[in-house]
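Asks: Be aware that the sequence shown starts at 4, since it is given in our numbering, and climbs by one per residue.
Where is the CB? At the ideal position from N, CA and C, for every residue including glycine.
Treat the numbers as computed from the prediction; the structure is a model and nothing was measured.
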Amino acid sequence: MNRRIFNSRNFANGRFHPRDTAGASHPLDTEHSLYCHRAIITIFLSKTGVKLATQNKYERKVTIVGCGFAAVALGISLKRAGLNNFIILERSNEIGGVWRENTYPGAACDVPSRLYSFSFEQEYPWSLRYAPQKEIFEYLKHCINKYSLAPHIQLKKEVAEATYNESSASWSLTTTDRETINTDIFVSAVGLFNNPAIPKIPGRSGFKGTQFHSARWDHGIDLKGKRIASIGTGASAIQYVPEISQVAKKLDIYQRTPQHIFAKGDRANSPQSHRTTTWEKILQRHERLSLFARFEKNSRRRSSEALTRKSAEAFEKYIRSLIKDTDLLQKVLPDYPPGCKRGLRSDEWYPTLLKPNVNLIHTPIKEITATGILAEDGQQHDVDVIIYGTGFTPTAFLTPMLITGANGEKLNETWREGAEAYLGISVAGFPNFFMMYGPNTNLSGSIIYMLENQARYIAKCIKLLERKKARAMHVKEDIQKQFNDELKAQLSKTVLVHENCRSYFQAENGRITTNWPGLMLNYRWRTRRVRKLDYIFN
Numbered sequence: 004m005n006r007r008i009f010n011s012r013n014f015a016n017g018r019f020h021p022r023d024t025a026g027a028s029h030p031l032d033t034e035h036s037l038y039c040h041r042a043i044i045t046i047f048l049s050k051t052g053v054k055l056a057t058q059n060k061y062e063r064k065v066t067i068v069g070c071g072f073a074a075v076a077l078g079i080s081l082k083r084a085g086l087n088n089f090i091i092l093e094r095s096n097e098i099g100g101v102w103r104e105n106t107y108p109g110a111a112c113d114v115p116s117r118l119y120s121f122s123f124e125q126e127y128p129w130s131l132r133y134a135p136q137k138e139i140f141e142y143l144k145h146c147i148n149k150y151s152l153a154p155h156i157q158l159k160k161e162v163a164e165a166t167y168n169e170s171s172a173s174w175s176l177t178t179t180d181r182e183t184i185n186t187d188i189f190v191s192a193v194g195l196f197n198n199p200a201i202p203k204i205p206g207r208s209g210f211k212g213t214q215f216h217s218a219r220w221d222h223g224i225d226l227k228g229k230r231i232a233s234i235g236t237g238a239s240a241i242q243y244v245p246e247i248s249q250v251a252k253k254l255d256i257y258q259r260t261p262q263h264i265f266a267k268g269d270r271a272n273s274p275q276s277h278r279t280t281t282w283e284k285i286l287q288r289h290e291r292l293s294l295f296a297r298f299e300k301n302s303r304r305r306s307s308e309a310l311t312r313k314s315a316e317a318f319e320k321y322i323r324s325l326i327k328d329t330d331l332l333q334k335v336l337p338d339y340p341p342g343c344k345r346g347l348r349s350d351e352w353y354p355t356l357l358k359p360n361v362n363l364i365h366t367p368i369k370e371i372t373a374t375g376i377l378a379e380d381g382q383q384h385d386v387d388v389i390i391y392g393t394g395f396t397p398t399a400f401l402t403p404m405l406i407t408g409a410n411g412e413k414l415n416e417t418w419r420e421g422a423e424a425y426l427g428i429s430v431a432g433f434p435n436f437f438m439m440y441g442p443n444t445n446l447s448g449s450i451i452y453m454l455e456n457q458a459r460y461i462a463k464c465i466k467l468l469e470r471k472k473a474r475a476m477h478v479k480e481d482i483q484k485q486f487n488d489e490l491k492a493q494l495s496k497t498v499l500v501h502e503n504c505r506s507y508f509q510a511e512n513g514r515i516t517t518n519w520p521g522l523m524l525n526y527r528w529r530t531r532r533v534r535k536l537d538y539i540f541n
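1) Only counting the same chain, and skipping five residues up and downstream in sequence, which positions put a Cβ closer than 6 Å to that of Ser449?
2) What do you get for Trp282, buried or exposed, if any count of 16 or more other CB atoms within 10 angstroms of its CB means buried?
3) State the Cα-Cα distance for the pair Leu426 and Ile376, rounded to the nearest angstrom.
4) Under the three-state reduction of DSSP, which class applies to Asn185: helix, strand or coil?
5) Please list the terminal residues of the continuous alpha helix (DSSP H) segment that includes Thr566.
6) So what does DSSP say about Ser217, is it helix, strand or coil?
7) May I ask you to report which of helix, strand or coil DSSP gives Pro3?
8) Using only the alpha-carbon positions, how far apart do Gly52 and Arg83 sit?
9) Applying the criterion that 16 or more other CB atoms from any shown protein chain within 10 Å of the CB defines a buried residue, is Ser170 buried or exposed?
10) Counting Cβ pairs closer than 8 Å, one from the segment 256-267 and one from the segment 407-423, do we hit at least three?
11) Here's the rule I'm using: 16 or more other beta-carbon atoms within 10 Å means buried, otherwise exposed. How should Pro337 be labelled?
12) List the endpoints of the continuous alpha helix (DSSP H) containing Ala73.
13) Does the count of Cβ pairs from the segment 432-441 and the segment 391-409 closer than 8 Å reach three?
14) Between the segment 488-506 and the segment 380-391, can you find at least three pairs of beta-carbon atoms closer than 8 Å?
15) Between the segment 443-459 and the segment 517-527, do at least 3 Cβ pairs fall closer than 8 Å?
16) Do Thr530 and Asp387 have their C-beta atoms closer together than 8 Å?
17) Please state whether DSSP places Asp481 in a helix, a strand or coil.
18) Decide if Asp481 is buried, meaning its Cβ has at least 16 other Cβ atoms within 10 Å, or exposed.
19) Under the assumption that Ile247 contacts Ile231 (Cβ atoms under 8 Å), give the Cβ distance between them as a whole number of angstroms.
20) Would you kindly work out how many angstroms separate the C-alpha atoms of Leu536 and Val478, rounded to a whole number?
21) What is the residue span of the beta strand (DSSP E) that Glu469 lies within?
22) In the segment 320-406, which residue ranges form an unbroken alpha helix (DSSP H) of at least 4 residues, counting only runs that do not cross its ends?
23) Do you know how far the Cα of Asn198 is from the Cα of Tyr507?
24) Quick one: what's got a C-beta closer than 8 Å to Ile465's C-beta in the same chain, skipping five residues either side?
25) Which residues does DSSP list as the beta-bridge partners of Thr178?
26) From Asn456 to Tyr526, what does the alpha carbon distance come to, in whole angstroms?
27) Tell me the DSSP secondary structure of Pro154 in three-state form.
28) Taking the beta strand (DSSP E) that Val65 belongs to, which residues open and close that run?
29) What's the call for Arg348, buried or exposed, on a 16-neighbour Cβ count within 10 Å?
30) Rounded to a whole number of angstroms, what is the C-alpha to C-alpha distance between Ile156 and Thr329?
31) Is the number of C-beta pairs between the segment 90-97 and the segment 68-78 that are closer than 8 Å three or more?
32) Taking the C-alpha atoms as reference points, what is the distance between Ser429 and Ala74?
33) Rounded to the nearest angstrom, what separates Phe265 and Arg323 at their Cα positions?
34) Strictly by DSSP, which residues pair up with Ser173?
35) Where Ser239 and Leu292 are concerned, what is the direct C-alpha to C-alpha distance, given to the nearest angstrom?
36) Give the range of the beta strand (DSSP E) segment to which Ser233 is assigned.
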């Protein structure tokens, strides 16, 4: 292992790049400094926000599309950098993104609250270790109010098109009601999970009962005493199914493939954890650091055959301790290794499957009839309500926005073989355009940590434009290609590409366009500073 790359001075300055050290391990390498404790403490405990600037005369306009965690993170970073000329456009009548829209019973985060929150806003009275949807929604509102973002937010503004004007080095955004908004900097913060995916099952339109997607939960329907079909066994379904099983007369769960669902271990937070004394702050930070290290360790499993095998053995032992029914056991045991799909956690899922009114159906659906669902084995299952817990379309980045960059280049055409960007933030040929939660920045840890790093990086890009007195900047095509070639090489060594695994991480052509292959710290190193040589300035 090349020792130069661990030099403390290089580490502190973020000098990690494939050109920095001849023959050195690349920072995407998941083995690189995994448990270098000094590194973890130095990076993680340092503030990720941009230092507050007392004055800035920079007047270029920044427009952020979307108003969830990503937009809030960026808005705070911009204000801390003294960049106050920005607006946030939200298509709905309220802020919140996925935490506004996903109001199904049992909706909660599957990452501990202490980690699924901003590093600079930790003193919040979470009631549970894994925060419920309402609390996360209120946390976002709290951050918006505390950091005075409300005056920057414009609701009911859905952007349909964005076009770059080369003569003025600016963007023209067109909303669905045909309003035009001109801006110097265009940032997409729409996220991955904003468009529900409903499977194209024959006969769906002819069903005479009630049907809806979990992200569009119909709270006007009383499910008590109803015969219900729930399609899908993903992150949303494992939360609402245990809840509705308590009131349903009959609940059929349609499963395409079984999941690895580990125990969640949720619990109420003690009143002491909400105190803001110096000692409690230290304990909060210690808990957050411990959680961070645990998730980093779990990420490493994806590239280690030995660790993956050990995790699979532990999961099978766990399942066999819960389920004694041989037929049910065969239905819930995956034939692919842990880690190739998003890891799920629930304390209620497997006990729910043992209830007398719950039926796990592993047979594929042939069609939906007027009265229910016809399975491929010929069995008709009559129901009153069909709920689609079928997730979202994360690989359809930025859909349905139509984005046109320099020289009339269409982003959806550029990405027809799969979305890609530099650091998941910048795209060659699209000047002054940045993304939050872009391609290959999703991961099994805290996306909030990733968003903080992206927000800081984008703020630094805008400040760099000012210092260079440049009108526009965009990443060099060869730099973007080199970065994505490295990503592909690293991803090919992980369990994400296992032959038996098909997940939302993959585009239709099998390419993994959503996930980061390394650790959260790896990404922090790569985004710690903006490398001017990686960009073209006009």
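Replies: In short:
1) The residue given as residue 449 occupies position 446 in the sequence shown. Cβ neighbours of Ser449 beyond the five flanking positions: Val114, Leu118, Tyr119.
2) Numbered from its first residue, the sequence shown carries residue 282 at position 279. By the neighbour-count rule (16 or more Cβ atoms within 10 Å), Trp282 is not buried but exposed.
3) Your numbering for residue 426 matches position 423 in the sequence shown. Your numbering for residue 376 matches position 373 in the sequence shown. If I take the Cα positions, the gap works out to 44 Å.
4) Mapped onto the sequence shown, residue 185 falls at position 182. Correct three-state label for Asn185: strand.
5) Because the chain spans 4 through 541 in this model, residue 566 falls outside it and cannot be assessed.
6) On the sequence shown, position 214 is the one that residue 217 refers to. Ser217: helix per DSSP, three-state reduction.
7) Given that the chain is displayed from residue 4 to residue 541, the structure contains no residue 3 and the question cannot be resolved.
8) For the purposes of this step, residue 52 is taken as the residue at position 49 of the sequence shown. For the purposes of this step, residue 83 is taken as the residue at position 80 of the sequence shown. Unreliable placement is indicated for Gly52, whose pLDDT of 46 sits below 50; no coordinate value is reported for it.
9) Position 167 of the sequence shown, counting from 1, holds the residue named residue 170. Counting Cβ neighbours within 10 Å, Ser170 comes out exposed, since fewer than 16 surround it.
10) no
11) The residue labelled residue 337 in the question sits at position 334 within the sequence shown. So Pro337 ends up on the buried side.
12) Looking up residue 73 in the sequence shown gives position 70. Note, Ala73: alpha helix (DSSP H), 72-83.
13) yes
14) No, they do not touch.
15) Per the Cβ contact rule, the segment 443-459 is in contact with the segment 517-527 (3 or more Cβ pairs under 8 Å).
16) As a position in the sequence shown, residue 530 is number 527, starting the count at 1. As a position in the sequence shown, residue 387 is number 384, starting the count at 1. Contact flag unset, no.
17) The count along the sequence shown starts at 1 and reaches residue 481 at position 478. Asp481 falls in the helix class under three-state DSSP.
18) Start at 1 with the first residue of the sequence shown, and residue 481 comes out as number 478. Around the beta carbon of Asp481, fewer than 16 other beta carbons lie within 10 angstroms, which makes this residue exposed.
19) What you label residue 247 is simply residue 244 of the sequence shown in a count that begins at 1. What you label residue 231 is simply residue 228 of the sequence shown in a count that begins at 1. Indeed, because the Cβ distance is near 6 Å, the residues count as touching under 8 Å.
20) Residue numbering aside, residue 536 sits at position 533 when the sequence shown is read from its first letter. Residue numbering aside, residue 478 sits at position 475 when the sequence shown is read from its first letter. Whole-angstrom Cα-Cα distance: 9 Å.
21) Residue 469 sits at position 466 when you count from the first residue of the sequence shown. First-last for Glu469: 450-471, but that is the alpha helix (DSSP H), not the beta strand (DSSP E).
22) Whole alpha helix (DSSP H) segments, 4+ residues: 329-335, 352-356.
23) To locate residue 507, count along the sequence shown from 1; it is residue 504. To locate residue 198, count along the sequence shown from 1; it is residue 195. Spanning the two alpha carbons is a distance of roughly 13 Å.
24) Counting from one through the sequence shown, the residue named residue 465 turns up at place 462. Contacts found: Tyr61, Arg63, Val65, Leu81, Ala84, Leu86, Ile188.
25) Within the sequence shown, the letter at position 175 stands for residue 178. Val162.
26) Counted from its first residue, the sequence shown places residue 456 at position 453. Counted from its first residue, the sequence shown places residue 526 at position 523. Cα-Cα distance, rounded: 8 Å.
27) Taking the sequence shown and counting its residues from 1, the one referred to as residue 154 is at position 151. Pro154 falls in the helix class under three-state DSSP.
28) As a position in the sequence shown, residue 65 is number 62, starting the count at 1. Run containing Val65: 65-68, per the beta strand (DSSP E) assignment.
29) Translated into the one-based positions of the sequence shown, residue 348 becomes position 345. Its Cβ being crowded by 16 or more others within 10 Å, Arg348 is buried.
30) Numbered from 1 along the sequence shown, position 153 holds the residue referred to as residue 156. Numbered from 1 along the sequence shown, position 326 holds the residue referred to as residue 329. Their Cα atoms are separated by approximately 55 Å.
31) yes
32) For the purposes of this step, residue 429 is identified with residue 426 of the sequence shown, where counting begins at 1. For the purposes of this step, residue 74 is identified with residue 71 of the sequence shown, where counting begins at 1. If I take the Cα positions, the gap works out to 16 Å.
33) As a position in the sequence shown, residue 265 is number 262, starting the count at 1. As a position in the sequence shown, residue 323 is number 320, starting the count at 1. So the alpha carbons of these two residues sit roughly 12 Å apart.
34) Taking the first residue of the sequence shown as 1, we reach residue 173 at position 170. Beta-bridge pairing links Ser173 to Asn168.
35) If you number the sequence shown from 1, residue 239 lands on position 236. If you number the sequence shown from 1, residue 292 lands on position 289. Taking the straight line from one Cα to the other gives about 27 Å.
36) The residue given as residue 233 occupies position 230 in the sequence shown. Unbroken beta strand (DSSP E) run through Ser233: 230-234.
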